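For reference, the structure discussed in these notes is given below.
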Amino acid sequence: NHPGHSWTGLPVIADGVQRDKDPQHPPGDAAAAAATALGQGPQDMVTVHMLRLYEKYSRRGARPGGGNTVRSFRARLEVVDQKAVYFFNLTSMQDSEMILTATFHFYSEPPRWPRAREMPCKPRAKNASCRLLPPGPPARLHLLFRSLSQNAATHGLLRGAMALAPPPRGLWQAKDISSIVKAARRDGELLLSAQLDSGEKDLPGVSRPSPHAPYILVYANDLAISEPNSVAVTLQRYDPFPAGDPEPRAAPNSSADPRVRRAAASSSSAQASGPLQDNELPGLDEMPAHVHHAQHYHKHEFWSSPFRALKPRPGRKDRRKKGQDVVTTSSQMLDFDEKTMQKARRR
Amino acid sequence: QWDEPRFCSRRYLKVDFADIGWNEWILSPKSFDAYYCAGACEFPMPKIVRPSNHATIQSIVRAVGIVPGIPEPCCVPDKMNSLGVLFLDENRNVVLKVYPNMSVETCACR
Numbered sequence: 048n049h050p051g052h053s054w055t056g057l058p059v060i061a062d063g064v065q066r067d068k069d070p071q072h073p074p075g076d077a078a079a080a081a082a083t084a085l086g087q088g089p090q091d092m093v094t095v096h097m098l099r100l101y102e103k104y105s106r107r108g109a110r111p112g113g114g115n116t117v118r119s120f121r122a123r124l125e126v127v128d129q130k131a132v133y134f135f136n137l138t139s140m141q142d143s144e145m146i147l148t149a150t151f152h153f154y155s156e157p158p159r160w161p162r163a164r165e166m167p168c169k170p171r172a173k174n175a176s177c178r179l180l181p182p183g184p185p186a187r188l189h190l191l192f193r194s195l196s197q198n199a200a201t202h203g204l205l206r207g208a209m210a211l212a213p214p215p216r217g218l219w220q221a222k223d224i225s226s227i228v229k230a231a232r233r234d235g236e237l238l239l240s241a242q243l244d245s246g247e248k249d250l251p252g253v254s255r256p257s258p259h260a261p262y263i264l265v266y267a268n269d270l271a272i273s274e275p276n277s278v279a280v281t282l283q284r285y286d287p288f289p290a291g292d293p294e295p296r297a298a299p300n301s302s303a304d305p306r307v308r309r310a311a312a313s314s315s316s317a318q319a320s321g322p323l324q325d326n327e328l329p330g331l332d333e334m335p336a337h338v339h340h341a342q343h344y345h346k347h348e349f350w351s352s353p354f355r356a357l358k359p360r361p362g363r364k365d366r367r368k369k370g371q372d373v374v375t376t377s378s379q380m381l382d383f384d385e386k387t388m389q390k391a392r393r394r
Numbered sequence: 205q206w207d208e209p210r211f212c213s214r215r216y217l218k219v220d221f222a223d224i225g226w227n228e229w230i231l232s233p234k235s236f237d238a239y240y241c242a243g244a245c246e247f248p249m250p251k252i253v254r255p256s257n258h259a260t261i262q263s264i265v266r267a268v269g270i271v272p273g274i275p276e277p278c279c280v281p282d283k284m285n286s287l288g289v290l291f292l293d294e295n296r297n298v299v300l301k302v303y304p305n306m307s308v309e310t311c312a313c314r
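These protein sequences, in sequence, are chains H and V.
Residue 48 is where the first sequence starts when you use our numbering, and the numbers rise one by one after that.
Residue 205 is where the second sequence starts when you use our numbering, and the numbers rise one by one after that.
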């Protein structure tokens with residue numbers, strides 16, 4: 048584990064990346080946008096940290112942590128056996144994200160120096176002033192990491208423990224937990240817990256979420272980010288067309304759009320009358336009377352089936368003159384002169 | 205828009221994430237200059253459209269009319285830039301991703 052880098056400014060990763068100079072002043076209006084989007088006050092340190100990384104990338108193109116992705120994970124605070132335990136849900140990490148570095152950022156409260164121990168003065172030593180023993184060393188801070196799978200009820204598998212010398216005053220620290228996060232992910236245990244144990248009973252108010260809640264940053268290289276449509280995978284959360292629009296091929300009557308329904312209505316009434324009237328070939332009504340009389344055909348009998356196989360056209364010489372259309376009783380096929388056929392085709 | 209050059213070139217386009225409904229989870233940037241490519245790639249192509257060898261041949265074949273139906277080469281992005289986006293994931297954790305090919309630097313006929 049890296050020696051604890053402690054500094055007054057913003058926490059940065061403990062593996063030597065240059066530090067952020069100015070303390071808690073978040074960059075630009077992005078912080079305000081982030082605060083409103085998150086419904087958090089600007090004091091949310093993880094957001095400020097991420098904004099700092101974003102500004103650094105945007106200004107200098109410095110790839111964060113050498114990769115193309117930084118994921119932050121906020122802590123969910125629970126009290127287990129009267130101890131404050133922070134839980135981190137790492138399930139939003141994508142399989143294509145190769146972890147480069149993971150860091151745990153936490154705020155060390157200023158050490159509560161134990162009161163100087165008062166020794167009873169010895170009655171016989173008159174002039175000896177009642178000396179006060181110097182206070183004992185401040186309690187050391189222990190950091191315990193456990194990982195558990197989503198539905199495990201246990202405390203989880205101990206993944207790492209660190210003993211930290213308490214800093215001279217309250218400030219943010221960062222610890223490299225890359226090996227812990229990689230091992231937990233390898234074992235499919237994407238729920239991580241961190242317990243900051245200073246050996247003392249946690250104060251009753253500890254279960255209150257504090258602006259100093261710890262957080263985890265995971266620096267990764269997303270191998271899928273160069274795929275053609277990688278931006279849609281993570282940013283396109285729904286179709287650009289709001290749900291509820293009927294499918295274009297849905298039954299027209301179900302559409303909300305009156306025009307569509309009206310148009311659909313008109314085409315279906317056309318269908319109701321059936322194709323015969325519309326597709327009647329011209330000349331059928333003008334058939335010479337004798338033909339009608341002789342055969343007593345009704346119109347629809349000419350069309351035994353809606354789809355007639357096309358008959359090869361008779362050669363020019365044996366085509367009948369205009370007006371002599373005789374329906375040969377032998378075949379149901381109708382022969383029309385060229386002009387009629389042209390009109391029909393045009394129709 | 206009207207004084208845009210006829211030939212394939214980069215045109216200005218600013219994308220506002222609010223226009224495409226992503227602004228609820230994108231913290232930064234709120235908008236960015238994406239640009240786009242448009243214009244002719246017809247024979248003879250000027251150097252500025254940086255045609256590939258294939259595009260040059262295709263435009264000649266089309267101009268000569270050897271093979272009917274051959275289209276003009278396409279005016280497409282050539283050099284592109286990345287964009288860092290800060291957004292909230294499904295668990296409302298803040299994520300920074302650097303997406304490649306998000307804005308057009310130069311266009312060319314291909």
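Backbone N, C-alpha and C fix where the C-beta goes; we use that ideal spot for every residue, glycine too.
Quantities reported herein were computed from a predicted structural model and do not represent experimental measurements.
Between the segment 97–111 of chain H and the segment 234–246 of chain V, the count of C-beta pairs closer than 8 Å stays below three; the two stretches do not touch.
CA-to-CA, the gap between W219(H) and Y240(V) works out to about 45 Å. What P304(V) touches in chain H, judged by beta-carbon distance under 7 Å, is I272 and S273, going in chain order. Listed along the chain, the chain H residues whose CB falls inside 9 Å of the CB of V299(V) are M97, T116, V117, R118, S119, S139 and T281. Per the Cβ contact rule, the segment 302–312 of chain V is in contact with the segment 282–292 of chain V (3 or more Cβ pairs under 8 Å). Taking C-alpha positions only, A122(H) is separated from L264(H) by approximately 11 Å.
The segment 380–390 of chain H makes no contact with the segment 249–257 of chain V; the number of CB pairs closer than 8 Å stays below 3.
In this model, E309(V) and D223(H) are separated by some 38 Å (Cα to Cα). Here A149(H) is buried: its Cβ has 16 or more other Cβ atoms, across all protein chains shown, within 10 Å.
For D293(V), at least one C-beta of chain H is nearer than 8 Å to its own C-beta. Among the residues of chain V, none has a CB under 8 Å from the CB of N276(H); the nearest is roughly 10 Å distant. When beta bridges are read from the DSSP output, G288(V) appears opposite V302(V). When DSSP states are grouped into helix, strand and coil, N295(V) belongs to the coil group. In this structure, G113(H) sits away from L137(H), with a CB-CB distance that is not shorter than 8 Å. The beta carbon of T116(H) sits closer than 6 Å to the beta carbons of E144, A267 and D269 from its chain, once the five residues preceding and following it are set aside; these are given in chain order. Per DSSP, the beta-bridge partners of D220(V) are S235(V). For the 8 Å CB-CB criterion, L124(H) and L188(H) do not form a contact. For S235(V), no CB of chain H lies under 8 Å from its own CB, so it is not counted at the interface with that chain. C-alpha of S213(V) to C-alpha of C278(V): approximately 11 Å in a straight line. Taking the Cα positions, M92(H) is about 35 Å away from L217(V). Per DSSP, T94(H) is one residue of the alpha helix (DSSP H) stretching across M92 to R107. For S105(H), the nearest beta carbon of chain V is closer than 8 Å to its own beta carbon. Residue contact check for R284(H) against chain V: a CB pair falls below 8 Å.
In the DSSP assignment, M145(H) falls outside any alpha helix (DSSP H) and lies within the beta strand (DSSP E) extending over E144 to S155. In chain V, no part has a C-beta under 7 Å from the C-beta of T150(H); the shortest such distance is about 14 Å. Taking a beta-carbon distance threshold of 8 Å, S232(V) counts as an interface residue toward chain H. Here T138(H) carries a coil assignment [DSSP, helix/strand/coil]. Comparing alpha carbon positions, the residue from P275(V), N227(V) and V280(V) closest to Q283(H) is N227(V).
For D269(H), the nearest beta carbon of chain V is closer than 8 Å to its own beta carbon. The shortest C-alpha to C-alpha distance from A109(H) to any of S256(V), G225(V) and G288(V) is the one to G288(V). Non-local C-beta neighbours of L191(H) in its own chain, meaning closer than 6 Å and more than five positions away in sequence, comprise A208 and Q242, ordered along the chain. DSSP places R121(H) inside the beta strand (DSSP E), whose first and last residues are T116 to R121. At least one CB of chain V lies nearer than 8 Å to the CB of V93(H). Proximity of P157(H) to chain V, defined by a Cβ-Cβ separation below 8 Å, is not satisfied. Under the DSSP definition of a beta bridge, V126(H) partners with A131(H).
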